[in-house]
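**Student:** In this text, residue positions in the sequence shown follow UniProt numbering: the first is 1, and each later residue adds one.
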Amino acid sequence: MTGRPGSTRPAEQKGLPSVTSYVRETTNGSWFLRFRSAPRAAVRLLCFPHAGGGATSFRRWVDLVPDEVEVIGVQYPGRQNRYGEPCIEEMDLLVDEILAAISPAISGPVALFGHSMGAVVAFEVARRLRTSESISVLRLFASAGPAPSQRRSRGIHLRDDEGLVAYVRELGGGAELLEVEELRQIALPMVRSDVRLIETYRYVPGEPLSAPITAIVGDRDHTFNVTDARHWVLHTSAGLDVHELPGDHFYLDDQADRLVPLIVERILPRR
Numbered sequence: 001m002t003g004r005p006g007s008t009r010p011a012e013q014k015g016l017p018s019v020t021s022y023v024r025e026t027t028n029g030s031w032f033l034r035f036r037s038a039p040r041a042a043v044r045l046l047c048f049p050h051a052g053g054g055a056t057s058f059r060r061w062v063d064l065v066p067d068e069v070e071v072i073g074v075q076y077p078g079r080q081n082r083y084g085e086p087c088i089e090e091m092d093l094l095v096d097e098i099l100a101a102i103s104p105a106i107s108g109p110v111a112l113f114g115h116s117m118g119a120v121v122a123f124e125v126a127r128r129l130r131t132s133e134s135i136s137v138l139r140l141f142a143s144a145g146p147a148p149s150q151r152r153s154r155g156i157h158l159r160d161d162e163g164l165v166a167y168v169r170e171l172g173g174g175a176e177l178l179e180v181e182e183l184r185q186i187a188l189p190m191v192r193s194d195v196r197l198i199e200t201y202r203y204v205p206g207e208p209l210s211a212p213i214t215a216i217v218g219d220r221d222h223t224f225n226v227t228d229a230r231h232w233v234l235h236t237s238a239g240l241d242v243h244e245l246p247g248d249h250f251y252l253d254d255q256a257d258r259l260v261p262l263i264v265e266r267i268l269p270r271r
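(1) So what does DSSP say about residue 160, is it helix, strand or coil?
(2) Could you tell me which whole beta strand (DSSP E) segments of length 3 or greater appear in the region 88 to 113?
(3) Compare the Cα-Cα distances from residue 81 to each of 62, 31, 242, 126 and report the closest residue.
(4) What does the alpha-carbon distance come out to for the pair residue 55 and residue 73?
(5) Pull the bridge partners of residue 200 from the DSSP assignment, please.
(6) From the DSSP output, in three-state form, read off residue 78 for me.
(7) Could you check the C-alpha separation between residue 166 and residue 134 for me, to the nearest Å?
(8) Using 8 Å as the cut-off, can you tell me whether the region 107 to 119 makes contact with the region 35 to 48, which would need three or more C-beta pairs spanning the two stretches below that distance?
(9) Taking a contact to mean a Cβ-Cβ separation below 7 Å, would you say residue 99 touches residue 128 in this structure?
(10) Taking the alpha-carbon positions, what's the residue 268 to residue 198 distance?
(11) Let me know the beta strand (DSSP E) ranges lying completely inside the region 180 to 249, each 3 residues or longer, listed in chain order.
(12) Can the beta-carbon of residue 243 be found less than 7 Å from the beta-carbon of residue 223?
(13) May I ask which residues mark the beginning and end of the beta strand (DSSP E) holding residue 147?
(14) Would you call the region 230 to 242 in contact with the region 140 to 149, where contact means no fewer than 3 C-beta pairs closer than 8 Å?
(15) Taking the alpha carbon of residue 59 as the reference point, which residue from 33, 40, 69, 41 has its own alpha carbon closest?
(16) Measure from the alpha carbon of residue 152 to the alpha carbon of each residue in 138, 189, 111, 203, then state which is nearest.
(17) When you compare only the Cα positions, how much space is there between residue 205 and residue 125?
(18) For residue 259 and residue 172, what's the separation of their Cα atoms in angstroms?
(19) What would DSSP say about residue 128, mapped onto helix, strand or coil?
(20) Taking just the CA atoms, how far does residue 263 sit from residue 213?
What follows is the structure in structure tokens.
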């Protein structure tokens, strides 16, 4: 859900968006952050943040991919440049809105990466893209997130503020931002809305993806392990590979140099 305390990186590269992102008063309503022009891109990599996260957490990735890959951050409402908009608390509505935004903005081959809550959002988007005539899904990357058919926690979004902050702390960080009362008043409702969205999500069984799935696990993540990751095999007819990287639930904060090449190897033809 959120980032880790004690990191020397900017807050937006952890879990929660940066302090300055919270206090922006403007919104441009954009679902996608395209961090730089990519005229040679052969594949678009759509990146879906975790609960409480923002699209700018993927900004660093643009320096780790070749010109053939364009990194695009998916920006949920209620944070960063969309702070002035209400959060979406229902999965179907969130997916509907994302798909409506994709159609005029993105075409061709895409891969989807989702972390924690974002893994299920990415999966549901991929399921709906099967009927698209202009977009082909090459692969889904499910990071630190249970498969749609797995049981999830319940009732965390109903906790009082201290209980919700404690949950953020248990996951591995970002809670230091919530210790500041002014930031807590701004950020905690967004975190609660995101947790509500994933806790109230109900998987509707259907045809598995025709694209392969790669599941990635932090070796010290007490919420999601290799055994959990293997459940993703139920949701693809094209095969699953599972990878473990050093770190906790937010291993990707420190392992981008290993994670991004792993992704690129699986979405670009061998050169």
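Even glycine gets a Cβ: it sits at the ideal position worked out from N, Cα and C.
Note that the coordinates shown come from a computational prediction; the quantities given were computed from them, not determined experimentally.
**Tutor:** With the given structure in hand:
(1) Residue 160 sits in coil when the DSSP states are folded into three classes, being neither helix nor strand.
(2) No beta strand (DSSP E) of 3 residues or more sits fully in the region 88 to 113.
(3) Answer by Cα proximity: 31.
(4) Each residue's Cα considered, the two are about 5 Å apart.
(5) For residue 200, which the question treats as bridged, DSSP gives no partner whatsoever.
(6) Note: residue 78 maps to coil in three-state DSSP.
(7) Going by the C-alpha atoms only, they are around 44 Å apart.
(8) In short, these stretches touch, since the Cβ pair count reaches three.
(9) Contact: yes.
(10) If I take the Cα positions, the gap works out to 31 Å.
(11) Entirely contained in the region 180 to 249, the beta strand (DSSP E) runs reaching 3 residues are, in chain order, 213 to 218, 240 to 245.
(12) No. Outside cutoff.
(13) Run containing residue 147: none; DSSP gives neither H nor E here.
(14) Touching, yes.
(15) Out of 33, 40, 69, 41, the CA that lies nearest to the CA of residue 59 is found in 33.
(16) The residue from 138, 189, 111, 203 with its alpha-carbon nearest to that of residue 152 is 203.
(17) Distance between residue 205 and residue 125, taken at the CA atoms: about 15 Å.
(18) For residue 259 and residue 172, the distance between alpha carbons rounds to 19 Å.
(19) Three-state DSSP puts residue 128 in a helix.
(20) Cα to Cα, residue 213 sits roughly 11 Å from residue 263.
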